[in-house]
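Colleague: First to last, the protein sequences are chains A and B. As numbered in our numbering, residues 1 to 566 make up the first sequence, in order. As numbered in our numbering, residues 1 to 566 make up the second sequence, in order. Every residue, glycine too, gets a C-beta built ideally from N, C-alpha and C. Here the structure is a predicted model, which means the values were calculated and not measured. This is the structure, below, for whatever I ask next.
Number of protein chains: 2
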Amino acid sequence: MKRLFKNGLVVNVFTDEVERVDVLVENERIIGVGKYEEAEADVIEDVSDKVLCPGFIDGHIHIESTMLTPAELAKVCVKHGTTSIVADPHEIANVCGTMGIAYMLQSSEELPMTVYMMLPSCVPSTPFDETGAVLQAEDLRAFYENERVLGLGEVMNYPGVLAGQQDVLRKIEDAYAYGRIVNGHAPLLSGKALDHYIAAGITDDHECSEPEEAKERIRKGQWVMIRQGTAARNLEALLPLFEEPWSHRCMLVTDDRHPADLIEEGHIDHIIRMAVKAGKSAITAIRMATIQAASYYNLRQVGAIAPGYVADMLILDDLESVKVRDVYRHGVKVVDKGNIISFQDAVVPMEIKGAVENSFHIEELKLSDFSIEPKGKRCRVIQVQASQLLTEERIAELDFEKNNGIDVERDILKLAVAERHHNTGHIGIGFVSGIGMKRGAIASSVSHDSHNLIVIGTNEEDMLLAANRIRNIGGGNVVAADGRILAEMPLPIAGLMSELSAQEVAKQNRAVREAVHTLGVANGVEPFMNMAFISLPVIPALKMTTLGLVNVNTQEMVPVFVDDEQ
Amino acid sequence: MKRLFKNGLVVNVFTDEVERVDVLVENERIIGVGKYEEAEADVIEDVSDKVLCPGFIDGHIHIESTMLTPAELAKVCVKHGTTSIVADPHEIANVCGTMGIAYMLQSSEELPMTVYMMLPSCVPSTPFDETGAVLQAEDLRAFYENERVLGLGEVMNYPGVLAGQQDVLRKIEDAYAYGRIVNGHAPLLSGKALDHYIAAGITDDHECSEPEEAKERIRKGQWVMIRQGTAARNLEALLPLFEEPWSHRCMLVTDDRHPADLIEEGHIDHIIRMAVKAGKSAITAIRMATIQAASYYNLRQVGAIAPGYVADMLILDDLESVKVRDVYRHGVKVVDKGNIISFQDAVVPMEIKGAVENSFHIEELKLSDFSIEPKGKRCRVIQVQASQLLTEERIAELDFEKNNGIDVERDILKLAVAERHHNTGHIGIGFVSGIGMKRGAIASSVSHDSHNLIVIGTNEEDMLLAANRIRNIGGGNVVAADGRILAEMPLPIAGLMSELSAQEVAKQNRAVREAVHTLGVANGVEPFMNMAFISLPVIPALKMTTLGLVNVNTQEMVPVFVDDEQ
Chain A
1 MKRLFKNGLV VNVFTDEVER VDVLVENERI IGVGKYEEAE ADVIEDVSDK
51 VLCPGFIDGH IHIESTMLTP AELAKVCVKH GTTSIVADPH EIANVCGTMG
101 IAYMLQSSEE LPMTVYMMLP SCVPSTPFDE TGAVLQAEDL RAFYENERVL
151 GLGEVMNYPG VLAGQQDVLR KIEDAYAYGR IVNGHAPLLS GKALDHYIAA
201 GITDDHECSE PEEAKERIRK GQWVMIRQGT AARNLEALLP LFEEPWSHRC
251 MLVTDDRHPA DLIEEGHIDH IIRMAVKAGK SAITAIRMAT IQAASYYNLR
301 QVGAIAPGYV ADMLILDDLE SVKVRDVYRH GVKVVDKGNI ISFQDAVVPM
351 EIKGAVENSF HIEELKLSDF SIEPKGKRCR VIQVQASQLL TEERIAELDF
401 EKNNGIDVER DILKLAVAER HHNTGHIGIG FVSGIGMKRG AIASSVSHDS
451 HNLIVIGTNE EDMLLAANRI RNIGGGNVVA ADGRILAEMP LPIAGLMSEL
501 SAQEVAKQNR AVREAVHTLG VANGVEPFMN MAFISLPVIP ALKMTTLGLV
551 NVNTQEMVPV FVDDEQ
Chain B
1 MKRLFKNGLV VNVFTDEVER VDVLVENERI IGVGKYEEAE ADVIEDVSDK
51 VLCPGFIDGH IHIESTMLTP AELAKVCVKH GTTSIVADPH EIANVCGTMG
101 IAYMLQSSEE LPMTVYMMLP SCVPSTPFDE TGAVLQAEDL RAFYENERVL
151 GLGEVMNYPG VLAGQQDVLR KIEDAYAYGR IVNGHAPLLS GKALDHYIAA
201 GITDDHECSE PEEAKERIRK GQWVMIRQGT AARNLEALLP LFEEPWSHRC
251 MLVTDDRHPA DLIEEGHIDH IIRMAVKAGK SAITAIRMAT IQAASYYNLR
301 QVGAIAPGYV ADMLILDDLE SVKVRDVYRH GVKVVDKGNI ISFQDAVVPM
351 EIKGAVENSF HIEELKLSDF SIEPKGKRCR VIQVQASQLL TEERIAELDF
401 EKNNGIDVER DILKLAVAER HHNTGHIGIG FVSGIGMKRG AIASSVSHDS
451 HNLIVIGTNE EDMLLAANRI RNIGGGNVVA ADGRILAEMP LPIAGLMSEL
501 SAQEVAKQNR AVREAVHTLG VANGVEPFMN MAFISLPVIP ALKMTTLGLV
551 NVNTQEMVPV FVDDEQ
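This is the structure:
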């Protein structure tokens with residue numbers, strides 16, 4: 001079947017030109033760009049004065065952070081012109097191991113958006129993490145047989161690379177042996193340490209927050225992924241990269257993006273629009289989001305409107321609004337006037353589906369699980385700060401006679417992290433400050449990177465209620481107070497993802513976040529966000545794991561009670 | 001072993017900058033680019049005020065056209081800064097088939113220059129050609145196991161691509177299946193036919209002679225190889241490509257280059273110098289000749305001075321002269337102050353060596369082999385023109401009573417093409433005009449693309465002498481007159497290549513060309529050049545094969561005698 005797009009303004013990502021030419025597509029391929037007659041095609045699409053550009057590619061995203069299945073994510077992204085994403089299933093791999101990766105691959109087959117995969121390189125992210133699985137080099141190898149696997153995901157373990165740790169180096173070697181790419185993640189690394197990290201074969205970074213940081217990487221041969229997600233928003237700072245000589249070594253990525261933002265602002269199209277509003281060339285931004293991402297990942301014949309290229313094409317109203325009207329993917333129309341054309345979900349084998357949908361392996365919690373035996377008065381308290389992942393260690397004198405040490409007036413709440421993968425019964429108990437909750441409790445299974453069950457509360461009864469609710473619904477976010485559940489967002493897939501649509505997940509997420517604020521939490525504080533990183537012992541300074549408190553700076557376990565020391 | 005290059009001016013091919021930085025090399029890899037201390041290395045090279053740039057890559061060359069073995073070619077090219085070439089062994093494959101490709105791979109191992117290979121796609125180039133071998137898709141496949149094989153060589157058979165011929169399409173599919181590149185060759189193809197050709201998966205071209213021709217290809221996604229060889233010299237016309245947006249999709253190649261030019265002018269360095277003299281940026285030219293060629297061929301960590309990259313580096317006096325002083329290849333010094341450091345030749349297995357050194361399979365010729373039975377008077381004569389590969393058909397009335405139709409005064413000489421691969425006894429006999437030889441004969445085994453034995457003479461005795469001399473020395477160029485050999489250049493390897501050095505081959509070649517002119521050939525006429533293409537029935541209009549005359553325009557065999565028609 002031949003389809004002729006007549007008279008469009010075609011963005012040429014090889015030359016930065018916009019040409020008024022016809023585009024002839026046969027089945028999934030573009031076969032002609034130039035002057036073609038209507039008689040040469042079976043179907044004519046009059047695209048006069050509309051802009052045609054290649055489908056957008058998100059060069060680095062964690063699907064789990066959208067809380068959507070690949071299919072539901074596709075529904076919202078494709079409308080915004082994204083025809084390919086490169087996803088790192090790091091989160092689900094921490095919960096379900098290779099089954100999690102298999103689930104992501106299987107559930108993303110045959111979607112109207114191509115989902116490429118990078119294999120998670122750091123599961124677990126630290127030795128303190130009690131994850132659902134430990135992935136070593138040999139566990140990953142078989143996945144390279146899948147053509148959609150483009151390489152090794154972000155090598156966050158840069159201390160391991162610099163120290164020459166064998167397992168991480170072996171994973172990198174494997175990616176090269178299979179001819180694949182190795183993603184980087186090394187914020188603020190510079191100079192000789194950066195040289196060392198890059199020389200290990202790590203060829204991109206998406207953590208740049210300043211132009212000079214990005215320019216050093218480009219000079220040293222890395223590709224820079226300009227990230228604009230929900231939490232991390234680097235576009236504005238990195239606008240200088242849209243100029244030469246930098247732009248040819250950049251691409252656009254979202255990394256972590258919430259469904260509400262996807263719905264309201266968009267995806268890669270939103271980043272392009274922002275760049276245009278800031279006075280940058282739309283064509284430069286489109287080039288970054290198409291041919292450059294494709295070239296970097298060695299995706300041949302993807303990312304351009306040219307003969308032989310896969311017909312992943314967008315019809316935009318114009319280059320100012322970058323508003324996506326129609327989307328063709330592999331030559332098939334998948335978005336019509338802004339509406340996604342329905343498609344069949346991929347069928348995931350029962351064994352894999354069962355594994356990811358039953359990821360909670362923990363006994364029902366009891367009230368006594370939350371108690372802590374007082375061994376003194378002076379305690380280490382995790383001090384969180386609004387919109388920051390960094391925490392501080394605060395020493396406070398607690399009165400264990402009153403509410404088991406919890407002191408709502410001084411904003412000292414109880415914190416528990418319960419191992420939920422292998423039913424070990426491990427539970428880390430301590431105290432946290434900075435949340436400002438006056439009553440009730442919140443619990444979640446989204447707790448980077450090990451995604452154990454985490455609870456913060458003003459009293460142990462509500463903590464128990466919230467935690468067991470999470471367990472019973474197989475994961476999610478829950479808000480409880482005064483013995484009842486106020487709001488919840490179930491995430492039954494690995495405790496990370498919903499099966500609902502982006503709209504419904506966004507709605508549930510809003511309800512949960514609003515419920516938190518009825519508990520007295522100040523506006524501007526997002527406890528679920530803080531809570532999601534309170535258990536990640538790679539970000540300073542004091543974190544809580546299933547095994548207890550970790551001093552991240554010294555990488556040592558420390559007791560809650562200061563007096564208990566040595 | 002760590003080697004530190006202190007204080008050089010380093011060309012950054014990612015940013016087009018020149019930075020004064022130190023470069024730290026460990027074994028074959030660059031591991032640091034920045035400020036490094038002498039204590040961090042075992043060996044210090046003070047390169048203050050010298051320019052460091054990546055080793056040059058010739059993106060498309062036929063080694064056979066240099067008449068040198070890979071080792072001898074390396075000796076001359078590496079001195080000029082070439083650390084990698086991408087060679088298409090099309091000529092030797094026409095003679096020796098897969099043994100020829102195997103010879104090229106084996107004899108190019110472990111040289112101070114990396115020799116990558118493209119598999120010849122068109123052996124034979126036409127059905128009229130009686131070659132030493134016919135290479136079908138299945139004959140090529142096994143070679144893809146070799147990592148130095150980067151893809152399928154120039155697909156000259158564009159009519160076959162446009163007509164959907166299965167064997168050529170299968171060869172292209174195979175290259176893609178192995179994740180490799182497909183080189184193009186389609187001079188003057190444009191518009192829809194070019195779209196069709198490109199859509200088949202052919203992603204570059206080195207035959208562009210005009211900027212607009214090149215720009216159309218770049219717009220359509222092809223890479224353009226700017227060629228400056230011995231015969232075809234396109235650089236001057238293509239200088240506009242050194243500007244944006246074109247330069248990022250170009251590389252530099254020589255295609256066919258004679259040893260005298262390599263010695264006297266240089267190789268890729270010569271093209272860069274020419275571009276600089278024409279006012280273009282040396283850095284743009286270096287970028288084309290390094291990272292861009294490497295990126296196109298998916299040679300990872302090649303073509304730049306950056307951490308993780310292979311230490312193929314040149315030390316130049318400056319960016320104006322582009323004079324290569326020292327060359328490091330895989331971190332080892334291979335050229336010191338312009339002098340190549342001697343190296344061990346590769347050992348080629350006897351079986352392969354024997355096959356390419358005994359490529360003449362033809363009985364000794366007899367005088368009667370050159371006779372032609374007169375079937376009339378009006379004959380088709382091949383009319384050649386100085387420095388052109390095109391020929392014309394001229395009709396002349398010949399007197400067969402006198403010198404068997406040869407008429408030196410009217411410049412009508414005898415031409416014979418004898419099949420020499422399978423001893424079939426096939427010999428095409430006819431007449432040629434435009435050479436201007438007054439006495440003697442010349443013969444050669446360099447006769448594109450089938451490389452049969454070709455002879456042109458003023459009398460049959462000297463033709464016999466020259467032809468049998470070629471046979472007896474196993475190939476080469478020979479000039480004979482008055483019953484003796486005046487000059488010769490033996491090419492015993494497949495009848496195409498010498499085992500001597502570039503200097504000696506150039507000397508022999510000069511002697512042969514000078515001897516021709518003692519036979520009355522005017523200056524400016526190069527009969528060996530005309531003769532080399534007189535048997536190639538893809539260039540219009542009238543050509544001679546082992547089976548007789550071919551009208552290239554109609555692609556039909558035609559008899560010598562006009563009266564004999566039908």
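Alpha carbon to alpha carbon, how far is residue 489/B from residue 508/B? Give it in angstroms, no decimals.
Modeller: C-alpha separation (whole angstroms): 5 Å.
Colleague: Could you name the residues of the segment 153-186 of chain B whose beta carbon sits closer than 7 Å to any beta carbon of chain A, in the order they occur along the chain?
Modeller: Hits within the stretch, in order: 179.
Colleague: Can you list, in chain order, the stretches of the beta strand (DSSP E) that have 3 or more residues and sit fully within the segment 157-198 of chain B?
Modeller: Qualifying beta strand (DSSP E) stretches, in chain order: 181-184.
Colleague: Is the segment 27-35 of chain B touching the segment 162-180 of chain B in the sense that three or more CB pairs, one from each, lie closer than 8 Å?
Modeller: Counting Cβ pairs under 8 Å, fewer than three are found: no touch.
Colleague: Spatial neighbours of residue 566/B within its chain, please: CB distance less than 6 Å, with the 5 preceding and 5 following residues excluded, ordered by chain position.
Modeller: Interpretation of residue 566/B is limited by its pLDDT of 43, a score under 50 that renders its predicted location unreliable; the figure taken from the coordinates is listed afterwards. Hits under 6 Å: none found.
Colleague: Within the 7 Å Cβ cut-off, does residue 566/A reach chain B?
Modeller: Residue confidence is low: residue 566/A scores 43 on pLDDT, short of 50, so the model does not pin down where it sits. No coordinate-derived value is stated.
Colleague: May I ask you to report which of helix, strand or coil DSSP gives residue 287/B?
Modeller: Looking at residue 287/B - three-state DSSP - the assignment turns out to be helix.
Colleague: So if I threshold CB-CB distances at 7 Å, which residues from the segment 206-225 of chain B count as touching chain A?
Modeller: Answer in chain order: 218, 219, 220 and 221.
Colleague: In whole angstroms, what is the alpha-carbon distance linking residue 242/A and residue 244/B?
Modeller: Taking the straight line from one Cα to the other gives about 16 Å.
Colleague: Would you check if the distance between the CB atom of residue 434/A and the CB atom of residue 560/A is smaller than 7 Å?
Modeller: In this structure, residue 560/A does not lie closer than 7 Å to residue 434/A by Cβ.
Colleague: Spatial neighbours of residue 493/A within its chain, please: CB distance less than 7 Å, with the 5 preceding and 5 following residues excluded, ordered by chain position.
Modeller: The answer, listed in chain order, is 69, 356, 357 and 499.
Colleague: Residues bridged to residue 84/B by DSSP?
Modeller: Answer is 57/B and 114/B, bridged to residue 84/B.
Colleague: Note down, in chain order, each residue of its chain lying with its Cβ closer than 8 Å to the Cβ of residue 190/A, except the 5 sequence neighbours on either side.
Modeller: Same-chain partners within the cutoff: 213 and 216.
Colleague: Any idea if residue 66/A is buried or exposed, counting beta-carbon neighbours within 10 angstroms, 16 or more meaning buried?
Modeller: That one is buried.
Colleague: My parser needs the alpha helix (DSSP H) runs of 4 or more residues fully inside the segment 307-386 of chain A; what are they?
Modeller: Listed in chain order, they are 350-357.
Colleague: Given residue 376/B, which residues of its chain have a CB within under 8 Å of its CB, disregarding the five upstream and five downstream residues?
Modeller: Cβ within range, chain order: 561, 562, 563 and 564.
Colleague: Just the Cα atoms here: how many angstroms apart are residue 246/B and residue 354/B?
Modeller: So the alpha carbons of these two residues sit roughly 46 Å apart.
Colleague: Excluding five sequence neighbours on each side, which residues of the same chain lie with their C-beta closer than 6 Å to the C-beta of residue 548/A?
Modeller: These residues qualify, in order along the chain: 428 and 557.
Colleague: Identify which residue in 479/A, 8/A and 104/A has its Cα closest to the Cα of residue 116/A.
Modeller: Minimum Cα distance to residue 116/A is reached at 104/A.
Colleague: If we cut at 7 Å on Cβ distances, does residue 32/A have a partner in chain B?
Modeller: For residue 32/A, the answer is yes, since a Cβ of chain B falls inside 7 Å of its Cβ.
Colleague: Is the separation between the beta-carbon of residue 311/A and that of residue 331/A shorter than 7 Å?
Modeller: Taking 7 Å as the Cβ cut-off, residue 311/A and residue 331/A qualify as a contacting pair.
Colleague: Looking at residue 222/B: is its Cβ nearer than 7 Å to the Cβ of residue 203/B?
Modeller: Contact flag set, yes.
Colleague: On the DSSP bridge list, what partners appear for residue 228/B?
Modeller: 233/B, per the DSSP bridge assignment.
Colleague: Using a Cβ-Cβ cut-off of 7 Å, state whether residue 16/B counts as contacting chain A.
Modeller: Yes, contact with chain A.
Colleague: Does DSSP put residue 465/B in a helix, a strand or coil?
Modeller: Looking at residue 465/B - three-state DSSP - the assignment turns out to be helix.
Colleague: Below 7 Å CB to CB, which residues in the same chain sit around residue 201/A once its five sequence neighbours on both sides are set aside?
Modeller: Cβ neighbours of residue 201/A beyond the five flanking positions: 172, 176 and 182.
Colleague: Might you give, ordered along the chain, the residues of its own chain that have their beta carbon closer than 6 Å to the beta carbon of residue 588/B, omitting 5 neighbours on each side?
Modeller: Outside the displayed range of chain B (1 to 566) lies residue 588/B, so it cannot be described from this structure.
Colleague: Return the chain-ordered list of same chain residues with a C-beta closer than 6 Å to the C-beta of residue 75/B, the five sequence neighbours on each side being excluded.
Modeller: Only 340 meet the Cβ criterion.
Colleague: With a threshold of 8 Å on Cβ separation, who are the neighbours of residue 473/A within its own chain once the five nearest residues in sequence on each side are excluded?
Modeller: Once the five neighbours on either side are set aside, the close Cβ partners of residue 473/A are 488, 490 and 492.
Colleague: May I ask you to verify whether the segment 477-486 of chain A touches the segment 376-385 of chain A, counting CB pairs closer than 8 Å and requiring at least 3?
Modeller: No, they do not touch.
Colleague: Taking a contact to mean a Cβ-Cβ separation below 7 Å, would you say residue 107/A touches residue 347/A in this structure?
Modeller: Cβ atoms of residue 107/A and residue 347/A: not closer than 7 Å.
Colleague: In three-state terms, what does DSSP make of residue 566/B?
Modeller: Bear in mind that the predicted position of residue 566/B carries a pLDDT of just 43, short of 50, making it unreliable; the figure below should be weighed with that in mind. In the structure shown, residue 566/B sits in coil (DSSP, three-state: anything other than H, G, I, E or B).
Colleague: Scan the segment 294-318 of chain A for residues whose Cβ lies nearer than 8 Å to a Cβ of chain B and list them as they occur along the chain.
Modeller: Under the 8 Å Cβ criterion, the segment 294-318 of chain A contributes 295, 298, 300, 301, 304, 306, 307, 308 and 309.
Colleague: Out of 417/A, 145/A and 316/A, which one is the CA nearest neighbour of residue 9/A?
Modeller: It is 316/A.
Colleague: Flag this pair as yes or no: are the beta carbons of residue 6/B and residue 58/B separated by less than 7 Å?
Modeller: Going by C-beta atoms, residue 6/B is not nearer than 7 Å to residue 58/B.
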